[in-house]
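Here's the structure, in structure tokens; my notes come after.
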Amino acid sequence: MTDKKIIVAVDGYSSCGKSSMARTLAKNIGYIYVDTGAMYRGVTLFALREELITPSGEILEAELESRLSSLSLTFDRQEGYEEPVLHLNGSCVEQDIRTMQVASHVSPIAALPFVREFLTRQQQALGQAKGIVMDGRDIGTAVFPEAEMKVFVTADPRVRAERRLAELRSKGDNSISLEEVLKNLQERDYIDTHRPVAPLRQAEDAVVLDNSHVSIAEQDLMLRFAFEAILAHLRGGQRG
Ligand code: DC
């Protein structure tokens with residue numbers, strides 16, 4: 003497409019469709035896609051497996067901090083998956099990080115400053131050569147504040163809850179109601195936006211995309227236009 007590469011930061015709330023959007027964009031422009039939520043989930047899975055989270059939900063922080071150096075998180079190819087998926091110390095954990103157990107412990111783990119520091123460093127290393135679409139909560143604000151293109155995705159909470167409910171139903175989970183899913187989303191939004199270190203917030207220079215009623219194809223088209231416009235601008239030497 004072009005020899006000039008940029009960093010695309012996609013941040014936003016959970017279940018607002020930002021991962022599908024970021025993934026589709028990366029594929030269509032030949033960029034690497036990095037799902038940073040998977041990395042926070044990977045640390046959470048590690049903590050659960052090593053019993054560094056007690057049954058009552060308490061995190062053994064000092065122990066976790068000292069054990070992080072023995073934790074390797076990589077995105078590698080795996081049979082059965084189209085794209086590289088998360089590996090924890092060499093083993094594929096793509097399925098294991100998507101469980102309700104991990105989902106219910108990840109927000110407090112993601113609020114720990116030493117966990118954020120550990121993962122932020124790795125994310126910055128992944129983006130060193132640019133040519134990357136990174137999706138998360140703090141990519142445009144903390145990981146790559148200098149990213150050339152920043153998108154902040156929002157969607158109506160009810161639309162997000164419906165999307166999440168459909169996802170659960172498709173996996174055969176009929177145990178939870180729309181109201182419960184909505185409440186859970188709102189609680190997670192609260193934790194993500196109120197933690198002291200790198201809370202979820204819109205970067206001042208981010209483009210806001212309200213994803214309530216936009217299809218993936220429409221989003222991709224919009225983002226590709228924006229991407230091309232930024233590259234044209236960069237080629238003109240006015241930025242970067
Ligand atoms: O996107 P996700 O639902 O897989 O993210 C899982 C959790 O990780 C979520 O509680 C927010 C947190 N997270 C974060 O704090 N910073 C990021 N860059 C990505 C995710």
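In the working numbering, the protein residues as written are 3 to 242.
Glycine residues also receive a C-beta, built at the ideal position from the N, C-alpha and C atoms.
Judging by CA-CA distance, which residue of 11, 99 and 69 is the nearest neighbour of residue 146?
One-based indexing of the sequence shown puts residue 146 at position 144. If we check each option's Cα against that of residue 146, 11 comes out closest.
First and last residue of the alpha helix (DSSP H) that includes residue 223?
As a working mapping, residue 223 is identified with position 221 in the sequence shown. Per DSSP, residue 223 belongs to the alpha helix (DSSP H) from 218–237.
Please tell me whether residue 132 and residue 9 are closer than 8 angstroms, where the distance is taken between their beta carbons.
Counting from one through the sequence shown, the residue named residue 132 turns up at place 130. Counting from one through the sequence shown, the residue named residue 9 turns up at place 7. Yes, the pair counts as a contact, with Cβ atoms nearer than the cut-off.
What's the C-alpha gap between residue 84 and residue 96?
Along the sequence shown, read from residue 1 onward, the residue named residue 84 stands at position 82. Along the sequence shown, read from residue 1 onward, the residue named residue 96 stands at position 94. Cα to Cα, the separation comes out at about 12 angstroms.
For residue 56, decide whether its Cβ has a neighbour in chain D, counting only Cβ atoms nearer than 8 angstroms.
Note that chain D does not occur in the displayed structure, where there is just one protein chain.
Okay, do the stretch 155–172 and the stretch 71–83 touch, 3+ Cβ pairs below 8 angstroms being the bar?
Not touching, per the Cβ criterion.
Would you mind stating whether residue 125 and residue 136 have Cβ atoms separated by less than 8 angstroms?
One-based indexing of the sequence shown puts residue 125 at position 123. One-based indexing of the sequence shown puts residue 136 at position 134. A contact, by the Cβ cut-off of 8 angstroms.
Report the rounded CA-to-CA distance for residue 201 versus residue 81, giving the unit in angstroms.
On the sequence shown, residue 201 is found 199 positions in, with the first residue counted as 1. On the sequence shown, residue 81 is found 79 positions in, with the first residue counted as 1. Each residue's alpha carbon lies about 35 angstroms from the other.
To the nearest angstrom, how far is the alpha carbon of residue 198 from that of residue 113?
For this step, residue 198 is matched to residue 196 along the sequence shown. For this step, residue 113 is matched to residue 111 along the sequence shown. Rounded to the nearest angstrom, the two C-alpha atoms are 8 angstroms apart.
So which of 191, 193 and 166 has the shortest CA-CA distance to residue 183?
Taking the sequence shown and counting its residues from 1, the one referred to as residue 183 is at position 181. Here the closest residue by C-alpha is 166.
If you measure from the CB of residue 93, is any heavy atom of the ligand DC nearer than 7 angstroms?
On the sequence shown, residue 93 is found 91 positions in, with the first residue counted as 1. No, the beta carbon of residue 93 sits no closer than 7 angstroms to any heavy atom of the ligand DC.
If we call anything under 8 angstroms between Cβ atoms a contact, is residue 209 one with residue 228?
On the sequence shown, position 207 is the one that residue 209 refers to. On the sequence shown, position 226 is the one that residue 228 refers to. A contact, by the Cβ cut-off of 8 angstroms.
Tell me whether residue 16, by its Cβ, gets closer than 7 angstroms to a heavy atom of the ligand DC.
In the sequence shown, counting from the first residue as 1, residue 16 sits at position 14. Indeed, a heavy atom of the ligand DC lies less than 7 angstroms from the Cβ.
Can you check which of these residues, 101, 32 and 13, is closest to residue 175 by C-alpha distance?
In the sequence shown, residue 175 corresponds to position 173, counting from 1. Residue 101 is the option with its Cα nearest to residue 175.
Helix, strand or coil for residue 117? Go by DSSP, reduced to three states.
The count along the sequence shown starts at 1 and reaches residue 117 at position 115. Reduced to three states, the DSSP call for residue 117 is helix.
If you reduce the DSSP assignment to three classes, tell me which class residue 82 lands in.
For the purposes of this step, residue 82 is taken as the residue at position 80 of the sequence shown. Here residue 82 sits in coil by DSSP.
Could you give the DSSP three-state label for residue 241: helix, strand or coil?
Along the sequence shown, read from residue 1 onward, the residue named residue 241 stands at position 239. Confidence at residue 241 is low in this model, with a pLDDT of 46, below 50, so the placement of that residue is unreliable and no value is reported for it.
Can you tell me where the alpha helix (DSSP H) with residue 161 in it begins and where it stops?
For the purposes of this step, residue 161 is taken as residue 159 along the sequence shown, with counting starting at 1. Taken as a continuous stretch (DSSP letters only), the alpha helix (DSSP H) holding residue 161 covers 159–172.
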